[in-house]
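Numbering (the numbering used here), first residue to last: 14 to 233.
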Amino acid sequence: CDFEGCDYRCSLAGTLKVHMRTHTNERPYVCDFEGCDYRCARAFHLKTHKQALHTARGQQRQKKREERVAKALVNAGITFDREVTVQFCGQANKTLARVDFAIYREWGTVLLEVDECQHQHYAVTCEAARMLNVFAEQMKQGRAGKFHFVRFNPDAYSEGGTKQKTLLKDRLATLLQTIEREPQLQYSVTYLFYDRTDSPLPDVCLDPDYPGSLRAIVNM
14 CDFEGCDYRC
24 SLAGTLKVHM
34 RTHTNERPYV
44 CDFEGCDYRC
54 ARAFHLKTHK
64 QALHTARGQQ
74 RQKKREERVA
84 KALVNAGITF
94 DREVTVQFCG
104 QANKTLARVD
114 FAIYREWGTV
124 LLEVDECQHQ
134 HYAVTCEAAR
144 MLNVFAEQMK
154 QGRAGKFHFV
164 RFNPDAYSEG
174 GTKQKTLLKD
184 RLATLLQTIE
194 REPQLQYSVT
204 YLFYDRTDSP
214 LPDVCLDPDY
224 PGSLRAIVNM
């Protein structure tokens with residue numbers, strides 16, 4: 014790679030071409046599903062995206078993950094609303110967002126999302142904009158209390174480049190503890206069981222497309 018400061022080397026020209034997109038931010042692969050604006054740098058990621066979101070099997074798999082979380086919440090005596098719709102009344106790119114779970118605490122609201130496969134089949138820009146829009150809507154409505162987005166990954170993840178083997182029951186226990194803990198900030202985000210390489214922040218937050226304003230409220 015001839016990009017300044019980068020010492021990446023490989024044996025195939027095609028591999029180098031894909032690597033260069035990490036510097037140029039080029040995303041030539043576009044989802045052709047109606048209403049979807051997903052873009053990515055690799056054909057494999059586009060294939061994974063379509064399988065996860067635009068097939069009946071992918072949607073059933075996602076619902077199965079959500080049901081396990083719902084059962085854990087019920088067993089812990091935590092009440093919640095599901096598939097909560099947040100309407101946007103400003104200049105947001107989307108008119109609404111649907112949040113998997115809304116959990117109401119004395120100090121405010123936990124907005125819980127079950128992110129199968131770390132939502133790698135979603136565009137970082139779309140995911141970040143969605144959270145910012147939800148937070149902005151709470152401000153516009155003048156709603157009291159704190160708002161804590163919790164992004165829970167039930168699938169594979171790594172820390173420091175090493176794959177972790179955390180049982181689902183242990184992940185759910187951590188999730189329940191996170192829900193009960195009052196955040197310090199009025200608006201905050203917590204990623205559970207997301208890849209982390211060499212930073213206290215999860216790797217998704219280090220993506221060039223991840224907004225600095227959102228990164229500043231991510232719990233480490």
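All C-beta atoms in this analysis are idealised placements derived from N, C-alpha and C, irrespective of residue type, glycine included.
All values derive from a computational prediction rather than experimental measurement.
- According to the DSSP assignment, residue 140 belongs to the alpha helix (DSSP H) that extends over 137-154.
- Between residue 191 and residue 217, the gap from beta carbon to beta carbon reaches 8 angstroms or more.
- Residue 76 has its alpha-carbon roughly 10 angstroms from the corresponding atom of residue 70.
- Across the structure, residue 145 and residue 110 are spaced so that their CA atoms are roughly 11 angstroms apart.
- In this structure, DSSP gives residue 115 an extended state, which the three-state scheme calls strand.
- For residue 167, same chain residues with a beta-carbon under 6 angstroms away, outside a window of 5 residues either side, are 78 in chain order.
- If you check the CB distance, residue 42 and residue 26 do not come in under 8 angstroms.
- Of all alpha-carbon atoms in 134, 124, 156 and 215, the one lying nearest the alpha-carbon of residue 49 is that of 134.
- For the set 184, 116 and 155, the Cα lying nearest the Cα of residue 161 is the one of 116.
- Burial state of residue 141 is buried, judged by a 10 Å Cβ sphere holding 16 or more other Cβ atoms.
- As DSSP reads the structure, residue 126 sits in a beta bridge with 164.
- Annotation: the region 19-88 contains the following complete segments of the alpha helix (DSSP H) (minimum length 4 residues), in chain order: 26-37, 56-66 and 69-88.
- In the structure shown, residue 178 falls within a coil segment according to DSSP collapsed to helix, strand and coil.
- If you compare the alpha carbons of 87, 208, 196 and 28 with that of residue 129, the shortest gap goes to 208.
- Looking at the DSSP output, residue 99 bridges to 110.
- The residue among 85, 44, 203 and 20 with its C-alpha nearest the C-alpha of residue 36 is 20.
- Between residue 82 and residue 131, the alpha-carbon positions lie close to 15 angstroms from each other.
- Beta-bridge analysis with DSSP links residue 202 to 162 and 231.
- The beta carbons of residue 93 and residue 114 sit closer together than 8 angstroms.
- Residue 206 is positioned such that its CB atom lies no closer than 8 angstroms to that of residue 175.
- The DSSP-derived three-state label of residue 94 is strand.
- As computed with DSSP, residue 121 is found in a beta bridge with 118 and 159.
- Between the alpha carbons of residue 158 and residue 202 lies a distance of about 15 angstroms.
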